[in-house]
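Since the structure comes first, as structure tokens, the remarks are kept for the end.
Residue numbers (UniProt numbering): 1 to 284.
Take a look at the structure:
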């Protein structure tokens, strides 16, 4: 009997060659913040320019998350050459491609999972690079009250409840979002994508500014996204032990034969789920 788990512990089995870093990568994301290899920079070191979108933006249910196509905004991010630990590391500017959401948060905040996390994905504008550098600006989201930009994004979430469906948001004041994010500090490190192929060399900027949405918006998003957070990885430079736990459970199920196979396979499945489970914080 062979049991296949679709979650993060089995990503490498979906494509052993393409997704190998999901299993053996040593700089994988997300992580517990702050942590080894993580530094802080002032928001003033980051120039984040994102024009408003008076006509709104396309939103699509990818089956794994809700994605807002934001490239039309022409948003850019530049790290100051001086006064930043990233000076010389992130040369040139980065263009905003899209933003999407995870529930609960993927990164931990001093060991605590937050209600949600927003990822703004930027790509380097250096045309000399085949694939370009990737930078993700992230922010935690709590359900403590309405916030203008995210409320507008999530106002159409029920229109994209079915994977593959799409809609258009109301006008988005992305410039206001940019001002909010750069008003604080950023925790930064070099990690990976949090979905296959788990490519490393991704620069992370996690804002200390917490965004907020209403409880009603949170409930709507949760009903559509469900759970889509990768489990926290080990400290940077360390092996991914949780991935090993999941693969051990998979191997145990594969090797079982006889009358107890189904029961034992179920136990292995439970072990894999527990290895990836993070409690979702429910606002009061």
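From the three backbone atoms N, C-alpha and C, an ideal C-beta is built for every residue, glycine too.
* Asked: Below 8 Å between beta carbons: does that hold for residue 109 and residue 33?
  -> Residue numbering aside, residue 109 sits at position 109 when the chain shown is read from its first letter. Residue numbering aside, residue 33 sits at position 33 when the chain shown is read from its first letter. Yes, they are a contact pair.
Q) Under the DSSP definition of a beta bridge, which residues are partnered with residue 206? A) The residue you call residue 206 lines up with position 206 of the chain shown. Partner(s): 138 and 187.
**Request:** Tell me whether residue 194 sits in a helix, a strand or coil according to DSSP, three-state version.
**Result:** Numbered from 1 along the chain shown, position 194 holds the residue referred to as residue 194. In this structure, DSSP gives residue 194 a state outside helix and strand, which the three-state scheme calls coil.
Three-pair Cβ contact test at 8 Å for the segment 61-75 versus the segment 148-167:
yes
- request: With DSSP as the reference, label residue 10 as helix, strand or coil.
  value: If you number the chain shown from 1, residue 10 lands on position 10. Three-state result, residue 10: helix.
Inset, instruction - Determine, using beta-carbon pairs with one atom in the segment 10-28 and one in the segment 209-229, whether at least three such pairs fall under 8 Å. - result: no
N- and C-terminal bounds of the alpha helix (DSSP H) containing residue 154
What you label residue 154 is simply residue 154 of the chain shown in a count that begins at 1. Unbroken alpha helix (DSSP H) run through residue 154: 148-154.
*Just tell me which of 57, 153, 203 and 190 has its CA closest to the CA of residue 217.*
Along the chain shown, one-based indexing puts residue 217 at 217. Relative to the Cα of residue 217, the nearest Cα in the group 57, 153, 203 and 190 belongs to 153.
inquiry  = On the CB-based measure, 16 or more other CB atoms within 10 Å of its CB, does residue 187 come out buried or exposed?
reply    = Numbered from its first residue, the chain shown carries residue 187 at position 187. Buried, because 16 or more other Cβ atoms sit within 10 Å of the Cβ of residue 187.
Selection from 66, 123, 10 and 95 that minimises the alpha carbon distance to residue 116
Numbered from 1 along the chain shown, position 116 holds the residue referred to as residue 116. The shortest C-alpha to C-alpha distance from residue 116 to any of 66, 123, 10 and 95 is the one to 66.
Are there 16 or more other CB atoms within 10 angstroms of the CB of residue 233, so buried, or fewer, so exposed? The count along the chain shown starts at 1 and reaches residue 233 at position 233. Buried, because 16 or more other Cβ atoms sit within 10 Å of the Cβ of residue 233.
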